[in-house]
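A short worksheet on the structure shown next.
In the working numbering, the protein residues as written are 31 to 485.
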């Protein structure tokens, strides 16, 4: 594809104006989560295990909310491109209704049966007690994070990527600081241990939701809807939105359980194997952050263009972004390979784990281009174009019909080392890559959802 200098400048400006704040938000969240983990890490093994298991509940909720909000955001991005504010607000109402309902269920279960929930993960009674205490204290935040997720995602789909960044950074920073003060009893505050960390989380998420709502209604922007405007939809409208949004939520569920299956397989190979994979995954996630932001930003821009009736522009923008990600991820894979030993030296692990992790990182560096290309194509392009059912089937079937069976074959039939198993599991990325490219070239992924929702 030949582009003149002006077209190149316009492309990069459009993409990175949206993507950079999203990338920064991911970095801020990752950094502060790391700090929070280090704070809890000062309390001992049991608190670390207990808080880690309690956070698994939040992880499941996060996947649910991500699926709901991004499923609705493919509509709002297109309605914003069309500048159809009434329908944007209706979908916003549906997103809030579904998100808060999910948050309410998680809140009630975690408040009433916290130790029983932790007992799903462990039989250690002390861990159940500490984890249950943390989960009960943290549970009110599930309602607040449901509101923040919905508003933050829809705001980004309408082009406001800075407000979620600022409110998230402020809230997470205050949450981490307050958690530190309450965990250790600093500045005259009571020393609360793990419940102090949970209290900090509740306050932080309340601040985030409050700040988001205050900014939205103070600015009187497109999200500043009345209750009547948010709920001004009938069953047919709700059904039309849900038919496209539900596959996104199911996609996240099937994908996450597939990843869980990989980790179970690696753990069965041995403790050294799963330790090496966990270390390599942490490093891989850092390499992924930039491309995750680009993928999210691409989805927003493509949705806006399709909603504005510019399907050809959306296709061209998607192709340029895809090629950019390919080049960037190949370069990033090289960086991961060259820096692997330096990064692994930060960990105090055995020589065996170090060597396993080094080999897994070699697999990561070789396959990074395919994983980032698929993420951009499936999440940032096909899904944003409204092709949610195809994306769901492609993502779910590839991991469960190719990735997991290949990992099982490598681990338990061929009895291979963990790094060869990781490479075999990654074969699903190549299958997904070929099929997604055929779908992309067909242009069958471009749907005008503004017409589907109001049909």
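Glycine included, every Cβ here is placed at the ideal spot set by N, Cα and C.
Here the alpha carbon of residue 199 sits roughly 36 Å from the alpha carbon of residue 470. Here DSSP, grouped into helix, strand and coil, assigns residue 217 to coil. In the structure shown, residue 150 falls within a coil segment according to DSSP collapsed to helix, strand and coil. Taking 9 Å as the cut-off, the Cβ atoms of residue 90 and residue 174 do not count as close.
Within 10 angstroms of the beta-carbon of residue 285 lie 16 or more other beta-carbons, which makes it buried.
Rounded to whole angstroms, the separation of the alpha carbons of residue 134 and residue 463 is 38 Å. The alpha-carbon of residue 450 is positioned some 15 Å away from that of residue 298.
When DSSP states are grouped into helix, strand and coil, residue 429 belongs to the helix group. Just measuring C-alpha positions, the residue of 396, 208 and 47 sitting nearest residue 323 is 47. Looking at the backbone, the Cα of residue 371 and that of residue 365 are separated by about 11 Å. The DSSP-derived three-state label of residue 409 is helix.
The count of Cβ pairs closer than 8 Å, one atom from the stretch 220 to 236 and one from the stretch 263 to 278, stays below three, leaving the stretches out of contact.
Buried is the label assigned to residue 314, since at least 16 other Cβ atoms lie within 10 Å of its Cβ. Following the DSSP letters along the chain, one finds residue 232 inside the alpha helix (DSSP H) bounded by residues 224 to 249.
Three or more Cβ pairs closer than 8 Å define a contact, and the stretch 105 to 114 falls short of that threshold against the stretch 237 to 251. CA-to-CA, the gap between residue 50 and residue 443 works out to about 45 Å. DSSP places residue 131 inside the alpha helix (DSSP H), whose first and last residues are 115 to 142.
Apart from the 5 residues on each side of it in sequence, residue 169 sits with its Cβ closer than 7 Å to the Cβ of 137, 140 and 141 in its chain, given in chain order. Between the C-alpha atoms of residue 395 and residue 360 there is a straight-line separation of about 8 Å. In the DSSP assignment, residue 178 falls within the unbroken alpha helix (DSSP H) covering 171 to 187.
Residue 171 is a Cβ neighbour of residue 236, given a cutoff of 9 Å. Between residue 210 and residue 69, the gap from beta carbon to beta carbon is short of 9 Å. Residue 45 and residue 250 have their C-alpha atoms spaced approximately 26 Å apart. With respect to residue 413, residue 100 sits close: the two C-beta atoms are nearer than 9 Å.
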